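Asker:
Chains as they are written, first to last, in my numbering: chain A, 1 to 434; chain B, 1001 to 1265.
1) Work out the CA separation of residue 277 of chain A and residue 1246 of chain B for me, nearest whole Å.
2) Of all the options A/268, A/287 and A/398, which has the alpha carbon lying nearest to the alpha carbon of residue 212 of chain A?
3) Residue 84 of chain A and residue 359 of chain A: beta carbons closer than 8 Å?
4) Classify residue 236 of chain A as helix, strand or coil using the three-state DSSP reduction.
5) Measuring CB atoms only, is the stretch 1121–1137 of chain B touching the stretch 1075–1082 of chain B, in the sense that at least three cross pairs come out at less than 8 Å?
6) By the 10 Å Cβ neighbour count, where 16 or more other Cβ atoms means buried, how is residue 317 of chain A classified, buried or exposed?
7) Can you name the residues of chain A whose CB is closer than 9 Å to the CB of residue 1002 of chain B?
8) For residue 103 of chain A, which of helix, strand or coil comes out of DSSP?
9) Given this structure, state the Cα-to-Cα distance separating residue 1206 of chain B from residue 1037 of chain B, to the nearest angstrom.
10) Give the straight-line distance between the Cα atoms of residue 320 of chain A and residue 287 of chain A, rounded to the nearest whole angstrom.
11) For residue 339 of chain A, is the classification buried or exposed, using 16 other Cβ atoms within 10 angstroms of its Cβ as the cut-off for buried?
12) Using alpha carbons as the reference points, say which of B/1217, B/1027, B/1025 and B/1186 lies closest to residue 1066 of chain B.
13) Whole angstroms are fine: how far does the CA of residue 43 of chain A sit from the CA of residue 1044 of chain B?
14) To be precise: take each residue of the stretch 133–156 of chain A, compare its Cβ to all Cβ atoms of chain B, and keep it if any distance is under 7 Å. Which residues remain?
15) Cβ of residue 1007 of chain B less than 8 Å from any chain A Cβ?
16) Helix, strand or coil for residue 1144 of chain B, going by three-state DSSP, please let me know.
17) Within 10 angstroms of its Cβ, does residue 1151 of chain B collect 16 or more other Cβ (buried), or is it exposed?
18) From the DSSP output, in three-state form, read off residue 425 of chain A for me.
19) Which residues, taken in chain order from the stretch 1013–1046 of chain B, show a beta carbon closer than 8 Å to some beta carbon of chain A?
20) Find the residues of chain B that neighbour residue 173 of chain A, judging by a C-beta separation of less than 9 Å, and give them in chain order.
21) With a 10 Å radius around its C-beta and 16 neighbouring C-beta atoms as the bar for buried, classify residue 93 of chain A as buried or exposed.
22) With 8 Å set as the bound, which would you pick, yes or no: does the beta-carbon of residue 1225 of chain B sit closer than that to a beta-carbon of chain A?
23) Could you give the distance in angstroms between the alpha-carbon of residue 282 of chain A and the alpha-carbon of residue 313 of chain A?
24) Could you name the residues of the same chain whose beta carbon sits closer than 8 Å to that of residue 401 of chain A, not counting the 5 residues immediately before and after it, in chain order?
25) Let me see if you follow: with CB-CB separation under 8 Å, is residue 1158 of chain B close to chain A or not?
26) Using a 10 Å radius around the Cβ and a threshold of 16 neighbouring Cβ atoms, would you call residue 80 of chain A buried or exposed?
27) At a Cβ threshold of 8 Å, is residue 238 of chain A touching chain B?
28) My guess is that residue 1009 of chain B and residue 1197 of chain B are in contact by the Cβ rule of under 8 Å, so how many angstroms apart are they, rounded?
29) For residue 1260 of chain B, which three-state DSSP category applies?
30) Check for me: the alpha helix (DSSP H) holding residue 1093 of chain B runs from which residue to which?
31) Mind checking whether residue 89 of chain A and residue 140 of chain A have CB atoms under 8 Å apart?
32) By DSSP, does residue 1042 of chain B sit in helix, in strand, or in coil?
33) Starting from the C-beta of residue 1035 of chain B, find all residues in its chain whose C-beta is less than 6 Å away, skip the five residues before and the five after it, and write them out in chain order.
34) For the candidate residues A/198, A/118, A/145 and A/380, whose alpha-carbon lies nearest to that of residue 1094 of chain B?
35) Pair every Cβ in the stretch 222–234 of chain A with every Cβ in the stretch 386–397 of chain A, then say whether three or more of these pairs are closer than 8 Å.
36) Quick one: what's residue 53 of chain A bridged to in DSSP?
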């Protein structure tokens, strides 16, 4: 059967993705179609969140269906909400040479980098490639802003100046966490922070992939770190988007998010040699909503474009995807729009779930931690069920998992959509023995 | 060393005494003296009234330079994948939030909160232009322009298609100004393609280097270059304005810098 084509661009468009009012989009699809970048190997990865430190604890929590959410007792926050706080972050000591970077966000970054021998593996890779041939791409939404929030409480009563020991560049500035990561890992290649709200650390995979394809670097450390702070806790509360209960993605009675914190990293290398069970980055799709700063497009048009672009860049069809880790924040509008977008491409055929009822919404770290969860799903044949479901939303037609399933899968998609209408979908695959 | 190449087809520019690329070009080329003045930000008429009212300096700056570059390149902004870089985002908005959070009443405004994301300005860019193309939103403190330029080159090279870089910085109010002093605002946008077209001004060939970064002989320009991260682009802009083959070196990270060979079209 002939595949439908749109706008004379020569692009094969799956019929259900046709958006005739937005012809311009097909130029972009054409770009991603031509992209078809080589798959990259996630040669090593790690995650730390309220579920635990490192892969073993994370996997164990997912297997048990355990959530890390608890009533929020963070700092002096007085809000009736749940949070996914990582235990022991404040006990982390940064190396003396990096003491100016000391803040909760960089402590969490270091805690994450120290799990699963991640920093050691990067060191070995650096010896192989050269320290200036490994790029660093770290997603964050608020970096170390908590440090500034605290400094504002200690302004000089006369001059209004911030305390002398406050170090803006190394803590609050958005780049701080990427700068800390490259210095901690002793890498001297290109380094950057990506900060597009909740899609930040999904987009790191796209930026790294492009820079590797362009030949500027041979490998990349990608990841995301976001930590609890007053700005996001009070901010989401001001928007009326936080739940007073542990969040319930895709439940009919869902009423908002639970904020979490996390750090997750992966080392990306060319997939020149892969082994059974290795995890590959197969596709990246990005789009923008061009709709509203804090509400998603009601029909999920941007989300749909990102998922389709990811499929196109991987050279895959909807039927090739075995599991979708949804963005699934548990607000009414987000889950409804995402459900519509997923259904438009996949129907109700693909098992999917949001893991935010387990981890909380870790904002700028969400893309990376959910990428790692997809990697665990592929490697350990575990499709994590969504938690806290009383009754699934009958208005959303998806095969939403309310319990774990355990069977082999070959390809998983991870969705991340953020404020400002920034969307990113990633596709990961399980390598077969060569 | 890997060399990444692209053609620049349109430039947007707004900074103290640099009111757009056409006027700025003559000043940068030395045919008119440089007189730093306050930046006049155009009203962002493409935004719906509600968003227009809420738009801050960095949003207006982003729209102004982005549209100038896209128009000069003869390309519909909605069709352009975008790289957006700012060294620290909207400092005024951040100050208001931190001030409220340090007070007895921590209720911050919902609009302030959604404008606090680093991608607020590119979000408004999308709303204004209707662009649903991907946007990479970056930050690299003083290395921000270099980081944005590398992402632009990687995007153009990997996609073999057009892309737009927008780099913008606006100053912080006190007390943040005390820890991050920036004397004014500066915005620059570059519209690039992999292949030359009728609008192409120059081909740039970019590589990483350990060479020292260029400084500017005009003390006004040099002060600007040193004090605002997006103005680290000035040696490149000046070389383009002079329309001669040249090699410039821009500041980037620590001892890593960006060497750019310019070949006029």
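The C-beta atom is built at its ideal place from N, Cα and C for all residues, glycine as well. Predicted model, so just to flag it, every value in this text is computed and none were measured.
Answerer: Looking at the atomic coordinates:
1) Distance between the alpha carbons of residue 1246 of chain B and residue 277 of chain A is about 51 Å.
2) Looking at the Cα atoms, A/268 is the closest of the given residues.
3) Yes, Cβ-Cβ distance for residue 84 of chain A and residue 359 of chain A is below 8 Å.
4) Residue state, collapsed to three classes: helix.
5) Segment contact: the stretch 1121–1137 of chain B against the stretch 1075–1082 of chain B, three or more CB-CB distances shorter than 8 Å; contact assigned.
6) So residue 317 of chain A counts as exposed.
7) Around residue 1002 of chain B, the beta-carbon contacts reaching into chain A at under 9 Å are 214, 215, 216 and 217.
8) Of the three classes helix, strand and coil, the one that applies to residue 103 of chain A here is coil, per DSSP.
9) The alpha-carbon atoms of residue 1206 of chain B and residue 1037 of chain B are separated by roughly 32 Å.
10) Going from the Cα of residue 320 of chain A to the Cα of residue 287 of chain A covers about 21 Å.
11) Burial of residue 339 of chain A is indicated by the presence of at least 16 other C-beta atoms within 10 angstroms of its C-beta.
12) Residue B/1186 is the option with its Cα nearest to residue 1066 of chain B.
13) Their Cα atoms are separated by approximately 46 Å.
14) If the cut-off is 7 Å between Cβ atoms, the stretch 133–156 of chain A has 141, 148, 149, 152, 153 and 155 near chain B.
15) Judged by the 8 Å Cβ criterion, residue 1007 of chain B is not in contact with chain A.
16) In the displayed model, residue 1144 of chain B falls within a helix according to three-state DSSP.
17) Buried, by the Cβ-count rule.
18) Collapsing the DSSP output to three states places residue 425 of chain A in a strand.
19) For chain A, none of the residues of the stretch 1013–1046 of chain B brings a beta carbon within less than 8 Å of one of its beta carbons.
20) Going along chain B in sequence order, the residues near residue 173 of chain A (Cβ under 9 Å) are 1087, 1088, 1139, 1141 and 1180.
21) Using a 10 angstroms sphere on the CB of residue 93 of chain A, the tally of other CB atoms stays under 16, which defines it as exposed.
22) Taking Cβ atoms only, chain A never reaches closer than 8 Å to residue 1225 of chain B, which makes this a no.
23) C-alpha separation (whole angstroms): 8 Å.
24) Setting aside the 5 residues that flank it on each side, residue 401 of chain A is surrounded in the same chain by 351, 352, 353, 383, 384, 385 and 386, each with a C-beta closer than 8 Å to its C-beta; the list follows chain order.
25) With respect to chain A, the C-beta atom of residue 1158 of chain B has a partner C-beta closer than 8 Å.
26) Residue environment: residue 80 of chain A is assigned as exposed (fewer than 16 neighbouring CB atoms within 10 Å of its CB, all protein chains considered).
27) The Cβ of residue 238 of chain A sits closer than 8 Å to at least one Cβ of chain B.
28) The pair is a contact, with the Cβ atoms about 6 Å apart (cut-off 8 Å).
29) Correct three-state label for residue 1260 of chain B: strand.
30) Taken as a continuous stretch (DSSP letters only), the alpha helix (DSSP H) holding residue 1093 of chain B covers 1091–1101.
31) 8 Å or more divides the Cβ of residue 89 of chain A from the Cβ of residue 140 of chain A.
32) The answer is coil: DSSP assigns residue 1042 of chain B none of H, G, I, E or B.
33) Cβ neighbours of residue 1035 of chain B beyond the five flanking positions: 1017.
34) Of the residues A/198, A/118, A/145 and A/380, the one whose Cα lies closest to the Cα of residue 1094 of chain B is A/145.
35) When C-beta atoms of the stretch 222–234 of chain A are compared with those of the stretch 386–397 of chain A, fewer than three pairs fall below 8 Å, so the two segments do not count as touching.
36) Bridge partners of residue 53 of chain A: A/48.
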